[in-house]
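So the structure is just underneath, and the comments pick up after that.
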Amino acid sequence: MKSYTSLVWRELKIQKVTSFLILAAVIMSSLMTAVICQSIGILSAMRLHQASVLNGDRHVTFHQITREEKARLFADSRLEFAASWQSLGTARLGNSGLSLQLREYLEEDLSIYPQIKRVKKGRLPERPLEIALPEDALQLLGASGEIGDTVSLKLSLSLLHDDQLPWEYTQDFLLTGILENNYLGYASGTVSGIAGEKTAERILPEKYQLYAADLRLRSLDDFQGQIESLGESIHMPEEEIQYNWIYLNALGVPYGEETEEAQGFPFLMLSALMVGILVLIASGLVIYNILKITVTRRMSQYGVLRAIGTERRQLYFLVTLELLILCAIGIPLGTAGGVAASGEILEGVLSILSPEAFQTGSPEELLSLVRQSGDNSLWAVSGSILITLASSLLASLPAASYAARVSPVTAIGNTSAKVGRRRRRKNRVKHFEAFYGRLNLRRNPARTFITVLSLAMSIAVFVALQSFTGLLDTSREVRDMHLGDYSVTNKSTGFTPDEAAKLEADPAVESLQATKFSCFQQDADGDIPLELNFSLQPGETFQITGIDTGRIWKLAGELPEEKKTKIQEGTACVVKNPIPVSFQGRELARTQIQKGDTIEIQGHNLEVAAVTDGCVTVNNDGFQNGVQVIVTDKTYDRLTGSSQYTELYPVLTPRAEETAFEERLKGFCGQIPGSTWLSYRNTDRQLEESFQQIRLLSWGFIIFIGLIGILNIINTVYTNIHTRVTEIGIQRAVGMSAGSLYRTFLWEGVYYSLLAAGTGSAAGLLCTFVIYRAAGGSFSLRELPLSAVAEASVLAAGVCLAATVIPLRQAAKMSIVEAIGTGE
1 MKSYTSLVWR ELKIQKVTSF LILAAVIMSS LMTAVICQSI GILSAMRLHQ ASVLNGDRHV
61 TFHQITREEK ARLFADSRLE FAASWQSLGT ARLGNSGLSL QLREYLEEDL SIYPQIKRVK
121 KGRLPERPLE IALPEDALQL LGASGEIGDT VSLKLSLSLL HDDQLPWEYT QDFLLTGILE
181 NNYLGYASGT VSGIAGEKTA ERILPEKYQL YAADLRLRSL DDFQGQIESL GESIHMPEEE
241 IQYNWIYLNA LGVPYGEETE EAQGFPFLML SALMVGILVL IASGLVIYNI LKITVTRRMS
301 QYGVLRAIGT ERRQLYFLVT LELLILCAIG IPLGTAGGVA ASGEILEGVL SILSPEAFQT
361 GSPEELLSLV RQSGDNSLWA VSGSILITLA SSLLASLPAA SYAARVSPVT AIGNTSAKVG
421 RRRRRKNRVK HFEAFYGRLN LRRNPARTFI TVLSLAMSIA VFVALQSFTG LLDTSREVRD
481 MHLGDYSVTN KSTGFTPDEA AKLEADPAVE SLQATKFSCF QQDADGDIPL ELNFSLQPGE
541 TFQITGIDTG RIWKLAGELP EEKKTKIQEG TACVVKNPIP VSFQGRELAR TQIQKGDTIE
601 IQGHNLEVAA VTDGCVTVNN DGFQNGVQVI VTDKTYDRLT GSSQYTELYP VLTPRAEETA
661 FEERLKGFCG QIPGSTWLSY RNTDRQLEES FQQIRLLSWG FIIFIGLIGI LNIINTVYTN
721 IHTRVTEIGI QRAVGMSAGS LYRTFLWEGV YYSLLAAGTG SAAGLLCTFV IYRAAGGSFS
781 LRELPLSAVA EASVLAAGVC LAATVIPLRQ AAKMSIVEAI GTGE
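Residue numbering for the sequence shown follows this note's numbering, beginning at 1 and increasing consecutively.
Right under this line is the structure:
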């Protein structure tokens, strides 16, 4: 032997099965880390694309700027994209509760709103007084919807802060295009129309010749500072800056007053990091387990090497070199397989979905989007290689250290094992195989711990992956903007409790929420028909709303139990103060009610438990500036003397017949004058479709990673049985039958499965909690992934038992002499 390192090659050749098991663990570890690193970039890009589609590919919008201010703003080198639009006003669409927003898009601004510009028939407007409207808007307007028709619109236009009533006018337009329905605006009560170039210049008075600038920054570093600097350059009031909250939240960028609440560390990265750690722990335990057993078996050889002069560091190097050789073979194979698998998963999803599912207009655009998503392959490959190598070396440290510290005398004499027996209680053994299986687990607690932990990590990975998939959906926040599947409104007479109960009793309705709403305007003398212990400022309204406690807690934020009890008892409330209004650069006086104040309404005293920035509105109306008092519906009845509901929000059962219910709903509204209804079902469907691309990609990665986890379980169980071949031979020699041997190891598999299911489920639930908190959301019992836990536990148990039977059959077929004397 020219060098003591030649011993490594000889041992790798002799211990073929052991070497293969370590190699398999290294390949699976690198394979999974490569897939995870690749999936981070792809899923992150798709998630950002979904957010940009929902609310425009922009960071911020500056409202009401002049032509000169726009020119100065657009010349700023910090902007990656800058375009503008002009508002021509809004038009009510019958009694539907929806309004048409008509805008003229300038420069390339329409390109960042792909949902709006999809033409179903005709073309987009190009000249003044040409318009394109969605099909649903034309139906609600009662127009015939033929290209070339004249559409007359009664529009209303006002500034954000105006001391005059909105300017109203009627204008005829030439219909050049019919747009595909975009239901996303239903959540805010709007649909969008497009006007031709220079339409605003032709019909709007000079006062309203203002622009809204959509901006996207080149760099997101110090985002808030850059926006404030841009605003100061054109003297932009803060309240006229609108942040694209959906897109910025997806980017994890702090903005506006939400700076401290924004996600500092992207939860997608945290999720991948947690899953990667679990994977590395699982594969690392396999490597540690095999190396530890191998080193223990070779202890006499290491003792001889120490006796002839080998130093400790050389023994340390021998064990480490063995793993490095296997890593040099396994890591490239696993990494290449992970990159190839990621590409296959992506291509498979693309073959299922059409470009429309990705909100792109053609296959070429879809392929371009995918190529952009895959630009992260270099760092993904490098990261997976380094991570797998580091974790494998870390797993080998205990075994290498154990080999290096061994005493030559102890190793050669094989006197390291000590046997001790504690006092035992005599109990009757009812089931020998089950008892012997439990005894085997207790006999070698280190091996039991490593095997259970390795299995548990695979379960935890599956649970954690399923948990964070739903959080990838950026449309969740849009979906939360509306209550129920429908809104049923009557602002004139309202609905009686009996009428609300009748709608709730419909067989298609699963649940019903409701809002009671009263708005009181000041008369010429500044009075309202209620007795208050405070005065309103000129122009302010006074509103009382009655809603359920769940919505109150959400508006109020964190409340002590004492305050919640007072709200439920009707002695406390939540208040929304008027928004600030400026005129000619000076902020006008407004009513300010503070937390802890006591207000009196109609002789009833209410403590202000919280002041909220949110508000309650009905029929998709905006907030009518003033003081809004939010109470429970029973307290509302007492304050107003009315028990009428203003708006109802039915939620349908999963199997409800939508068409049949809407026919009954039309009849319900027809019996109550002034009633209207609006469906959000199409909105939710469109939001669901926007997430479909991400869900399919996520499940592709989950299934693939799950398969690797199954292979890891098989590797763990096989290693456990393979390293006990001698023990199996001895058991056969003392008279144990093959059937009893099978049952013993199957019982061990059952115990391993039960322990791993409990440990893995707990670890998976903990990961779920951390991921939800990192995403900035609250975690409740509803978010518990119980189905994922059950699926992972059952699957792991089945794989564990199957993986026990196959290698055990091979070991049982070996002769007793061969089994006892085997070197493997």
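For glycine and all other residues, C-beta sits at the position ideal for the given N, C-alpha and C.
Predicted model, so just to flag it, every value in this text is computed and none were measured.
| Asked | Found |
| --- | --- |
| Burial state of Ala501, where buried means 16 or more other Cβ atoms lie within 10 Å | exposed |
| Reduced DSSP category for Cys615 - H, G, I as helix; E, B as strand; rest coil | coil |
| Segment contact flag, the region 588-606 with the region 138-158, C-beta cutoff 8 Å, min 3 pairs | no |
| Nearest neighbour of Trp85, chosen from Tyr302, Lys198, Asp172, Leu7 [CA to CA] | Lys198 |
| Beta-carbon proximity list for Val611, same chain, < 8 Å, skipping 5 on both sides | Val574, Val575, Lys576, Asn577, Ile593, Gln594, Lys595 |
| Three-state secondary structure assigned by DSSP to Arg405 | helix |
| Three-state secondary structure assigned by DSSP to Asp172 | strand |
| Reference Asn55, options Ala250, Arg638, Asn444, closest by Cα | Ala250 |
| Proximity of Ile287 and Ile22 at Cβ, strictly below 8 Å | yes |
| Three-way DSSP call (helix, strand, coil) for Leu755 in this model | helix |
| Those residues which DSSP pairs with Thr598 across a bridge | Glu607 |
| Those residues which DSSP pairs with Thr744 across a bridge | BP columns for Thr744 are empty, so no partner. |
| Range of the contiguous alpha helix (DSSP H) that encloses Glu108 | Element bounds for Glu108: n/a, residue is neither H nor E. |
| Pro134 (DSSP reduced to helix, strand or coil) | strand |
| Proximity below 8 Å, CB of Thr176 to CB of Pro125 | yes |
| Sheet register partners of Ala212 (DSSP bridge) | Trp85 |
| With 16 other Cβ atoms within 10 Å as the buried cut-off, status of Ile329 | exposed |
| Member of Ser396, Leu88, Thr549, Leu43 whose CA lies at the smallest distance from the CA of Gly700 | Leu43 |
| Nonlocal neighbours in the same chain, by C-beta distance under 7 Å from Gln513, ignoring five residues either side | Leu483, Gly484, Asp548, Tyr649 |
| Backbone CA spacing between Phe6 and Leu31 [nearest angstrom] | The question names Phe, but residue 6 in the sequence shown is Ser. Looking at the two C-alpha atoms, the distance is approximately 29 Å. |
| Whole alpha helix (DSSP H) elements within the region 278-345, 4-residue minimum | 299-307 |
| Close Cβ partners of Tyr255 (< 7 Å) along its chain, the five nearest in sequence each way excluded | Phe223, Gln224, Tyr243, Leu248, Ala262 |
| From Lys121, Ser342, Gln521, residue whose alpha carbon lies closest to that of Ala34 | Ser342 |
| Sheet register partners of Leu153 (DSSP bridge) | Gln171 |
| Residue range of the beta strand (DSSP E) that includes Phe542 | 541-547 |
| Run of the beta strand (DSSP E) containing Gly122, from where it starts to where it stops | 119-122 |
| Gly798 (DSSP reduced to helix, strand or coil) | helix |
| Segment contact flag, the region 532-549 with the region 623-636, C-beta cutoff 8 Å, min 3 pairs | yes |
| Thr61 versus Thr451: straight-line alpha-carbon distance, rounded | 56 Å |
| Three-state secondary structure assigned by DSSP to Val17 | helix |
| For Gly739, three-class secondary structure by DSSP | helix |
| Inter-residue spacing [alpha-carbon to alpha-carbon] between Gly264 and Ile234 | Summary for Gly264: the model assigns pLDDT 42, below 50, so the residue's position carries little reliability; its value from the coordinates is reported in the next sentence. Near 30 Å, if we compare the C-alpha coordinates of Ile234 and Gly264. |
| Continuous alpha helix (DSSP H) assignments of at least 4 residues falling wholly in the region 430-483 | 432-443, 445-469, 476-479 |
| Distance between Val191 and Lys120 (C-alpha atoms, nearest Å) | 16 Å |
| Nonlocal neighbours in the same chain, by C-beta distance under 8 Å from Pro497, ignoring five residues either side | Ser643, Tyr645 |
| Inter-residue Cα distance where the pair is Ser392 and Arg313 | 19 Å |
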